[in-house]
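Visitor: Here you go, one structure.
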Amino acid sequence: MILKIERTFFWTMTLIFMLLSTATSALGDTQNLPGKVAAVNDAVISDQDVAQKMIEIKKQFMQQGRPADDQMLASFKNQIIDNLIEEELLFQESRKKDIKIDQMILDKSLADIQSKFANEEEFLDALKNMALTKADLISKILRNLSTQELIGSQIEDKINIPETESQAFYNAHPEYFKTPEQVKASHILIKLEPEADEAARSAALVKIKDIQKQLKNGATFASLAQKFSEGPSNTSGGDLGYFGRGQMVKPFEDAVFALKSGETSDIVETQFGLHLIQLTDKKPEGTVDYKEAKEKISQHLKQERMKQDIDTYIQELKKNAKIEKF
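With the working numbering, the residue at position 165 of the sequence shown is 165, and numbering never jumps.
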């Protein structure tokens with residue numbers, strides 16, 4: 001399978017999720033924060049900051065269908081504090097580098113968030129419920145964009161992956177570039193519930209056998225699918241496109257992978273009903289060519305290098321910072 005490239009850094013959360021998913025108060029006024037958990041130079045990280053991150057993590061777990069009780073979340077506390085320290089270090093460094101964010105980019109980021117609400121009133125109500133002002137939100141967006149710009153200019157833009165490295169990765173990991181056997185098929189479906197009575201079953205069989213007869217008499221599969229199939233692919237002549245093993249229910253899969261190109265199956269019964277299946281193409285298992293894969297390989301290697309370089313960069317920032325945990 002071709003490598004799946006994903007950004008995994010802790011600071012690249014979606015702005016909408018990061019800024020609007022929790023009902024915590026504004027973090028800009030450190031005078032009213034309930035308690036300090038850490039300090040980075042002259043900036044305070046509060047237990048409220050930690051609580052906010054815990055809620056974000058809990059929401060992420062819930063969206064993924066994974067359990068997230070308070071005891072489990074509490075085990076992340078030290079890691080969350082460390083991440084908040086690193087985020088603050090990066091933001092402070094962006095200030096030292098005098099990084100400027102174009103007003104148009106800032107405005108667009110704010111507009112993207114506002115667009116998720118029905119109107120301005122709903123947007124402002126959401127901010128009010130979280131004890132946030134619009135200015136607080138803009139400040140959060142600015143911090144996020146400034147950190148991303150710092151990473152881009154100081155780290156990402158300086159990374160170059162030579163083609164020899166990409167080629168070596170391709171040669172060393174052939175398992176990543178395997179493509180499974182695939183088939184392209186069309187089908188005609190006559191719906192039949194698994195618990196259907198004999199009368200319904202007989203009626204469905206009469207329908208599909210009549211379609212079989214028309215096929216044998218020269219009618220095209222596509223025209224019959226458009227006319228008689230009760231599945232959603234009927235508008236495209238029953239075309240299901242390409243698919244591999246494990247993507248269809250077992251009786252359907254077994255039947256279609258046993259066919260040769262151009263062949264039509266006998267009647268196949270699944271939980272959805274009765275099918276006639278025509279195999280239109282078959283692609284054997286193969287390997288993605290290096291030329292096709294090299295761009296994704298380069299992206300993957302660059303992201304791996306970025307993670308290493310960012311860790312190194314943060315460690316250097318820590319050496320020159322005053323960091324306290326309470």
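We treat Cβ as the ideally placed atom computed from N, Cα and C, and that holds for glycine.
Quantities reported herein were computed from a predicted structural model and do not represent experimental measurements.
Which residue marks the beginning of the alpha helix (DSSP H) containing I161, and which one marks its end?
Guide: Unbroken run through I161: none, as it is neither H nor E.
Visitor: Looking at C-beta atoms only, is the number of pairs between the stretch 278-286 and the stretch 172-185 that lie closer than 8 Å three or more?
Guide: At 8 Å Cβ cutoff, the stretches touch.
Visitor: Nearest-angstrom Cα distance between A23 and N129?
Guide: Any answer about A23 is weak, because its pLDDT of 34 lies below 50 and its placement is not dependable; what the coordinates show is given next. Those two C-alpha atoms are separated by around 7 Å.
Visitor: Fully enclosed by the stretch 178-244, which alpha helix (DSSP H) runs are 4 residues long or longer?
Guide: You should have 198-216, 221-228.
Visitor: Which residues in the same chain have their Cβ closer than 6 Å to the Cβ of A204, if we skip the five residues on either side of it in sequence?
Guide: So the qualifying residues of the chain are I190, L192, L274.
Visitor: Compute the Euclidean distance between the alpha carbons of A68 and S75, then round it to the nearest angstrom.
Guide: Cα to Cα, the separation comes out at about 11 Å.
Visitor: Please tell me whether F91 and S146 are closer than 8 Å, where the distance is taken between their beta carbons.
Guide: For F91 and S146, yes; Cβs fall inside 8 Å.
Visitor: Taking Cβ to Cβ, would you say I45 is nearer than 8 Å to A51?
Guide: Result no, Cβ atoms of I45 and A51 do not sit closer than 8 Å.
Visitor: From the DSSP output, in three-state form, read off H173 for me.
Guide: Looking at H173 - three-state DSSP - the assignment turns out to be coil, as it is neither helix nor strand.
Visitor: Please name the residue in P194, L276, G246, A199 whose C-alpha comes closest to that of K209.
Guide: Nearest of P194, L276, G246, A199 to K209, Cα basis: L276.
Visitor: Compute the distance between the beta-carbons of I80 and R305, then report whether it is under 8 Å.
Guide: Contact flag unset, no.
Visitor: Hey, how far is the Cα of Q132 from the Cα of I310?
Guide: The displayed chain sequence assigns Leu, not Gln, to residue 132. Rounded to the nearest angstrom, the two C-alpha atoms are 31 Å apart.
Visitor: From this set, S298, E263, L124, which residue's C-alpha is nearest F216's C-alpha?
Guide: Strictly speaking, residue 216 in this sequence is Lys, with Phe absent from that position. Of the candidates S298, E263, L124, the one whose C-alpha sits nearest the C-alpha of K216 is E263.
Visitor: Near G244, which residues of its chain fall below 6 Å by C-beta distance, leaving aside the five closest residues on each side in sequence?
Guide: If we look at G244 and ignore the five residues flanking it on each side, its Cβ neighbours are P180, Q182.
Visitor: Can you check which of these residues, L279, Q247, P232, is closest to K260 by C-alpha distance?
Guide: Of the listed residues, the one whose Cα sits closest to K260 is L279.
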